[in-house]
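Enquirer: The structure is given below, and queries will be raised subsequently.
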């Protein structure tokens, strides 16, 4: 997949970077240990750089032929997710270039998926059910004879509002606060729009103190998701990062590949091969990006996998995949590296005996 054309940074980003260069004061998300080791490796931090992209991803359920028994890649979704991540990464790269950096260390790429409205509604419904029982109200099954087989009550929010208002009056509250099921959850979610995702890339821009150029073959600052400790070890060993590389694949598995006789213990061969193909495609794209940077290897590779299904009803959480199929998203990232001129001595491992007491949680598990 080709990289997108460089997007334009917002005006506020240019103003922030200009002030950072004038003040010569850096901001960094490196820990104290990482900061000192990056300095020891010969690099000075210049500032925190970031890039983001909010992207709408259109979900299109594939229409397979009756005789098609295998899964297939959802190329439109693969390209959309890849493009969104690349936009965020490229904007972070642009900020580093404007700071005059040689590279970016400690890159973190996070994805905040907009909550599916149907899933959100079901979670709120279940929270209300739990609260209603604990507060001593009549069980919802007895209050609403229209309860369907799945446990869902149509227009449940009206009943919940009446219960909450009565509950607050009994406690003598003058103002009625938002009920627990409508409060922000502990885990951050983004309700931008259905099927919308936000991609955020953050790292610390650094510059080599000796003036040696560490730009990659494209003339851009290198990107690395290695920690400060790993970055120091890599440089000390005679290697340098040239880029943050990634590969992804979104694969559709039809319902027939998820079903086996209930009394039989056997491998889901079709599902296994679909997942295998998805991993292979993602890793091949990772390697293609590294080869484009003329890298000799990739370190710190991580593979993440997520499954999604087309949920047609709020309560259809467990059987949706068996009815409409499942969508697998594979995402592989790593740091491409090359040997430096002159090489270096490999760091020899040393035996270290920890003198500190073990954490309380670890003691309890022993």
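In my numbering, the protein residues as written are 201 to 566. Where is the CB? At the ideal position from N, CA and C, for every residue including glycine.
Less than 7 Å between C-beta atoms, sequence neighbours within five positions excluded: which residues of the same chain meet that for residue 420?
Expert: For residue 420, where only same-chain residues beyond five positions count, the Cβ hits under 7 Å are 293 and 297.
Enquirer: Find the nearest neighbour of residue 488 within the set 454, 536, 277 and 469, judged by alpha-carbon distance.
Expert: For the options 454, 536, 277 and 469, the alpha carbon positioned closest to that of residue 488 is the one of 536.
Enquirer: Spell out the partners DSSP gives residue 476 in its beta bridges.
Expert: According to DSSP, which records beta bridges pairwise, residue 476 is partnered with nothing at all.
Enquirer: Once DSSP output is grouped into helix, strand and coil, what is the label at residue 202?
Expert: For residue 202, the predicted model reports a pLDDT of 49, less than 50, meaning its position is unreliable and no value from the coordinates is stated.
Enquirer: In whole angstroms, what is the alpha-carbon distance linking residue 528 and residue 460?
Expert: Using only the alpha carbons, I get a separation of about 19 Å.
Enquirer: Does the Cβ-Cβ distance between residue 257 and residue 277 come in under 9 Å?
Expert: yes
Enquirer: Which two residues bound the contiguous beta strand (DSSP E) that contains residue 443?
Expert: 439-453
Enquirer: What does the alpha-carbon distance come out to for the pair residue 228 and residue 245?
Expert: Their Cα atoms are separated by approximately 7 Å.
Enquirer: What does a CB cutoff of less than 6 Å around residue 402 pick up in its chain, not counting 5 residues either side in sequence?
Expert: 250 and 308
Enquirer: Alpha carbons only, please: which of 449, 474, 330 and 478 is nearest the one belonging to residue 456?
Expert: 474
Enquirer: According to DSSP, is residue 240 part of a helix, a strand, or is it coil?
Expert: helix
Enquirer: Would you mind reading off the limits of the beta strand (DSSP E) that contains residue 527?
Expert: 526-539
Enquirer: Quick check on residue 412: does DSSP put it in helix, strand or coil?
Expert: In the structure shown, residue 412 adopts coil according to DSSP, grouped into three states.
Enquirer: Locate the alpha helix (DSSP H) running through residue 220, then write down its first and last residues.
Expert: 211-223
Enquirer: What do you get for residue 332, buried or exposed, if any count of 16 or more other CB atoms within 10 angstroms of its CB means buried?
Expert: buried
Enquirer: Please work out which residues of its chain come closer than 8 Å, Cβ to Cβ, to residue 495, disregarding the five sequence neighbours upstream and downstream, and give them in chain order.
Expert: 442, 443, 445, 536, 537 and 538
Enquirer: What is the DSSP secondary structure of residue 433, reduced to helix, strand or coil?
Expert: The three-state secondary structure of residue 433, taken from DSSP, is helix.
Enquirer: How is residue 506 classed by DSSP in three states: helix, strand or coil?
Expert: Strand.
Enquirer: Going by DSSP in three states, residue 422 sits in which element: helix, strand or coil?
Expert: strand
Enquirer: I'd like the span of the alpha helix (DSSP H) that includes residue 293, first residue to last.
Expert: 275-298
Enquirer: What residue range does the alpha helix (DSSP H) around residue 557 cover?
Expert: Element bounds for residue 557: n/a, residue is neither H nor E.
Enquirer: Can you tell which of 287, 235, 247 and 454 has its C-alpha closest to the C-alpha of residue 270?
Expert: 454
Enquirer: Return the chain-ordered list of same chain residues with a C-beta closer than 7 Å to the C-beta of residue 409, the five sequence neighbours on each side being excluded.
Expert: Result list for residue 409: 242, 243 and 244, in chain order.
Enquirer: Rounded to the nearest angstrom, how far is the Cβ of residue 424 from that of residue 305, given a contact under 8 Å?
Expert: 5 Å
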